[in-house]
Structures are given as C-alpha cells and as structure tokens.
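To start, the structure under review is shown below, and the notes come after it.
Residue numbers (our numbering), protein chains in the order written: chain A, 9 to 146; chain B, 9 to 146; chain C, 9 to 146; chain D, 9 to 146.
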C-alpha cells in the first residue's frame with residue numbers, strides 16, 4: 009500500500025489571499041517524508057544523527073491544480089517510483105475530499121551528513137525501499 | 009537587464025544538517041518575486057489589495073545543484089521567459105560567488121483575488137512585463 | 009480537563025545547532041491554539057471566515073527551560089486562566105517525557121476580522137470558554 | 009547608537025486576516041539579531057561554526073501594540089540593556105512610520121554549541137557588547 013498521511017491546512021499555512029502559501033505546503037511535505045522514512049524503519053533523528061545519512065532533494069517538479077483553503081483536510085499520498093544506487097524517486101499526490109490540489113515528482117539522494125556527498129543506500133534501507141516499491145504499486 | 013536581488017542565507021533558513029532547508033529557499037523566492045513585481049510598477053499590497061489581482065504559482069520545476077550553507081550570500085536572478093494571456097513564465101537562477109546553487113522554472117497565473125479564477129493581465133501589467141521580457145533577454 | 013495536543017519535533021523545526029528553532033515552536037503553538045478553539049466549538053475557518061472574529065495575540069511571555077531536539081515528542085498543555093470582556097489568558101506548558109521544555113503566558117483579544125478592533129466575546133464563545141475554565145482548573 | 013535594521017513586511021509573513029503572522033515576526037527578529045552580532049564582529053557562521061558559541065533565547069516577553077499589514081516597512085531597533093556573565097538582555101522596538109507595532113524584552117545565553125550548556129562570554133565578545141551598551145544608551 010502507498011504511504012498516506014493526513015494534515016489539516018492551518019491558519020498559519022495560508023496567505024493574505026486566503027489560500028495555502030506554497031512554501032508552507034513544502035514544509036508540510038518534508039514532515040510527511042520524515043514520517044514515511046520512519047514508517048520504513050529509518051527515523052530521521054537516528055538516520056541523520058547516528059548513521060550520518062541525509063536525503064536532500066535534488067529535483068522537485070510541482071503542479072498546483074486547485075487552491076487549498078484554510079480548514080481543508082489534506083491527504084498526502086506518497087509513492088516510491090524508483091530506487092537508484094543512491095537516489096530515490098517519489099510521486100506525491102495531495103488531495104482534499106477526493107480533489108487533487110497538487111502533485112510533485114521528487115528525487116532525493118542519499119548523502120553523507122558531514123560531507124554532503126552522495127553515497128549508496130545501505131542494504132537495510134535499500135531492502136525496505138524496494139519492498140515498499142513492490143507492494144505499493146500493485 | 010534581468011532583475012536581481014541579494015539575500016543572505018540566515019541561521020533560520022538552515023536545517024540540522026547545516027545546509028539550506030528548501031522550503032525556506034522558496035519563502036525567499038516568493039519575497040524576491042514580490043520585489044520583482046514592485047520593480048515593474050505593481051507592488052503586491054496594491055495589486056492584490058486594491059486591484060484584486062493575485063499571481064498564484066501553477067508550475068514549479070526546481071533543480072538543486074549545490075547545497076547552500078549558513079552565511080552564503082545568495083544572488084537571485086529573475087528572467088521573464090514568456091508572457092501569456094493570463095500566465096507568466098519565469099526562470100530563476102540562484103548563485104553564490106558564481107556557483108549555481110539551484111534554479112527553477114516557474115509559471116504563475118493572474119487570478120481574481122476573490123474568486124481565484126484566471127483573468128487576463130491588465131494592459132499596464134502586460135506592457136511592463138513585455139518590456140522587461142525584451143530588454144532583459146538581449 | 010486541560011486541553012492537550014501532541015506534536016513531533018520535526019527536522020524542519022530545528023536549526024543548524026541541532027535544537028528547536030523558537031519561531032517554529034510558535035508556529036506549532038498557533039496550530040495547537042487553532043485545535044483548542046475547534047475543541048470548544050469554534051473552528052477558525054468558521055469563526056474568522058463567517059463570523060469575522062479573529063483572536064490576535066497582544067501579550068506573550070515565554071520561558072525556554074530546556075532545549076528541544078529533533079525527534080522529541082512534544083506535549084502541549086493549554087490552560088485557560090481568565091476570560092475577560094474581550095480578552096483571554098492562556099498558560100501553555102510544553103513538555104517532553106515529563107520534562108518542561110518551555111512555557112508561555114499568552115493574552116489574545118477578540119477582534120473584528122475586518123477592522124482589527126476589539127469586540128466582546130459572543131455569548132456562545134464566552135460560555136464555552138468559561139466552562140473550560142471551570143472544569144480544567146479543578 | 010542603537011543598532012537598527014529595516015525589513016519590508018512581505019506577503020509570506022502575513023496571515024489570512026491580512027495582518028502579520030506573529031511567528032513570522034519572530035523569524036524576522038532572529039535574522040535581525042544575526043545582523044546585530046555581525047555588526048559587533050561576531051558573524052554567526054563563524055561564532056557558531058568555528059568558535060562553537062550559540063546564543064539561544066531563554067526569556068522573551070513580547071507586547072503586540074498595533075497590527076502590521078502587508079507592505080509595511082518595519083524598522084527594528086535593538087538595544088543592549090545588560091551584559092551578564094553568560095547572559096545578554098535586549099530590548100527590541102519595531103516601528104512603522106514612527107508607530108510602535110511591537111516590542112520585546114529578550115534574554116539570550118551564551119552556550120557551547122555542542123553541549124548546549126551555558127558558558128561565559130569570551131573577552132572579545134564581552135568587550136564588544138559592553139562597548140555597544142555604553143555608546144547606545146547615551
């Protein structure tokens with residue numbers, strides 16, 4: 009199954025025109041990614057703090073289809089599309105009551121937290137990501 | 009000439025791994041866009057508040073090439089690539105000391121601030137945008 | 009019973025020194041307040057959007073006792089201390105595993121969303137706030 | 009002379025009720041503090057990164073007097089009120105066109121960036137802070 013997470017669209021996430029402020033959407037998305045990694049056994053405080061593995065974003069292609077308004081209940085759906093040597097491709101779809109608000113293709117890369125250089129996925133993370141890939145795209 | 013703006017990368021824009029937090033980059037980008045519109049005669053408080061014209065983003069394709077670190081002095085370069093009936097395409101390039109950190113293609117659409125529906129650019133804004141387009145791509 | 013809410017301290021809420029960035033704490037606090045008002049029958053989209061009642065902060069006295077770190081599970085406890093004609097005093101205590109991280113005394117004022125001028129609490133909101141005051145401080 | 013810094017109140021700093029979102033005010037304040045420390049010879053990337061000295065906030069008492077609106081030009085005035093063994097007390101006043109919007113008393117403490125424990129100010133920082141204290145309160 010794809011990973012999903014629910015977030016209310018808060019007052020503080022909206023702008024003076026009354027709709028979602030898109031940088032706040034992306035702050036929510038990073039929180040959802042953090043939750044996704046925890047769900048596959050790699051909580052970020054351990055992954056980054058002890059194992060020194062970071063996952064910075066290198067590509068992000070976003071389409072905003074429909075404005076989100078204060079009070080909307082957002083459902084984030086996260087699909088893994090591809091696991092590379094040190095990269096990882098996600099497809100994110102954010103809906104409210106079945107209506108697509110925005111979607112994003114995102115590539116992150118595993119890096120060394122200290123040097124910021126790319127590094128291969130460790131075996132346990134690769135296995136967990138590949139298992140997610142197989143079971144969530146059936 | 010292309011529009012440029014300088015922003016220091018602040019402590020509050022960086023994450024625990026010591027590099028720029030990308031949603032903060034996008035918050036900076038929106039501030040630079042606000043400054044760009046003021047530079048062509050459309051300050052947002054007037055444009056949105058009195059004229060009821062908003063410019064929400066509908067597409068944003070970002071490539072992060074090099075991590076930004078706390079204390080970097082970021083130069084944002086904004087180029088207008090195309091002025092449509094109600095749309096506007098930007099190319100943003102963000103460098104530090106000549107090194108490209110990230111770039112983004114962005115499409116915004118003129119909308120009615122109250123209904124959030126697309127509307128044509130008013131003549132004065134279209135003229136200003138087209139003049140910018142011609143003179144900045146020589 | 010006092011109102012409580014749980015929030016994980018996310019990567020994006022922390023700073024390059026590895027601890028919580030305090031403006032992010034306050035963004036979380038505003039979200040908790042939004043949840044508190046919904047719990048007493050005044051969800052903000054309705055309260056602000058339809059009834060045109062806002063609740064801006066006029067005083068906020070914060071003591072940071074212990075640094076929060078990435079991954080901490082924060083428990084926010086919200087106590088109503090006093091309901092005035094148009095004001096409302098809160099005491100917030102934010103703990104992690106029983107340790108107090110920070111606390112805040114906050115005064116908000118009911119205002120007209122359009123004019124930003126103070127206005128009395130409507131009867132239903134006053135009744136709900138006073139009921140909360142009585143039952144949560146036993 | 010007191011330290012001052014000017015910041016426009018941006019679209020992204022305002023909320024759906026059309027006024028400044030207070031957590032964004034505090035994000036601006038931290039940026040101004042960063043600029044203040046640079047002005048007395050302690051830029052934060054060096055102070056925190058190389059010298060391993062952080063300055064977390066332990067007390068912050070804020071009074072919001074007048075709502076700020078999108079487009080306001082904010083003037084931050086920073087006064088040092090007291091230099092302790094490892095603490096530092098600021099008074100911040102934020103005005104727009106001569107009108108006080110908000111003010112804050114803030115205490116920060118010098119800490120070791122790695123252990124988060126309090127430490128004495130190094131001599132050069134103490135000298136710079138005391139000189140600022142004397143010359144700015146004449």
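All C-beta atoms in this analysis are idealised placements derived from N, C-alpha and C, irrespective of residue type, glycine included.
Small disclaimer: the values here were computed from a predicted structure and weren't measured.
Could you check whether the Cβ of residue i sits closer than 8 Å to any Cβ belonging to chain D?
i, result
"residue 31 of chain A", "yes"
"residue 76 of chain B", "no"
"residue 109 of chain C", "no"
"residue 39 of chain B", "yes"
Does the beta carbon of residue i sit closer than 8 Å to a beta carbon anywhere in chain B?
i, result
"residue 24 of chain D", "no"
"residue 34 of chain A", "yes"
Contact check, residue i vs residue j under 8 Å by CB: the rounded distance?
i, j, result
"residue 62 of chain C", "residue 108 of chain C", "In fact, because the Cβ distance is near 30 Å, the residues do not count as touching under 8 Å."
"residue 112 of chain B", "residue 69 of chain B", "7 Å"
"residue 116 of chain B", "residue 71 of chain B", "Their Cβ separation, rounded to whole angstroms, is 19 Å, which puts residue 116 of chain B and residue 71 of chain B out of contact at 8 Å."
"residue 20 of chain C", "residue 35 of chain A", "5 Å"
"residue 52 of chain A", "residue 45 of chain A", "6 Å"
"residue 114 of chain D", "residue 100 of chain D", "6 Å"
Using a beta-carbon distance below 8 Å, is residue i in contact with chain A?
i, result
"residue 20 of chain D", "yes"
"residue 51 of chain C", "yes"
"residue 79 of chain C", "yes"
So, for residue i: in the same chain, excluding its five sequence neighbours on each side, which residues have a beta-carbon less than 6 Å away from its beta-carbon?
i, result
"residue 103 of chain A", "83"
"residue 40 of chain A", "13, 84"
"residue 90 of chain B", "97"
"residue 138 of chain B", "91"
"residue 126 of chain C", "94, 117, 119"
"residue 128 of chain C", "93, 94"
So, at 7 Å on beta carbons, what are the nonlocal neighbours of residue i in its own chain, with the 5 sequence-adjacent residues on each side left out?
i, result
"residue 22 of chain C", "28, 29, 78"
"residue 10 of chain B", "85, 86, 87, 144"
"residue 55 of chain C", "45, 61"
"residue 48 of chain A", "136, 137, 140"
With respect to the beta strand (DSSP E) encompassing residue i, which residues constitute its N-terminal and C-terminal limits?
i, result
"residue 95 of chain A", "95-104"
"residue 72 of chain C", "65-72"
"residue 13 of chain D", "11-16"
"residue 107 of chain A", "107-117"
"residue 84 of chain D", "81-91"
Give me, in chain order, the residues of the same chain whose beta-carbon lies closer than 8 Å to that of residue i; leave out the 5 immediate sequence neighbours on both sides.
i, result
"residue 16 of chain A", "79, 80, 81, 82"
For residue i, report the span of its alpha helix (DSSP H) as first-last.
i, result
"residue 134 of chain D", "131-144"
"residue 31 of chain B", "30-47"
"residue 54 of chain C", "52-57"
Which residues, taken in chain order from the region 89-101 of chain B, show a beta carbon closer than 7 Å to some beta carbon of chain A? none
May I ask you to list, following chain order, the residues of the region 111-132 of chain A that have a beta carbon less than 7 Å from some beta carbon of chain B? 121, 124
Give me the subset of the region 43-71 of chain C whose CB atoms are less than 7 Å from a CB atom of chain D, sorted by chain position. 56, 62, 64, 65, 66, 67, 68, 69, 70, 71
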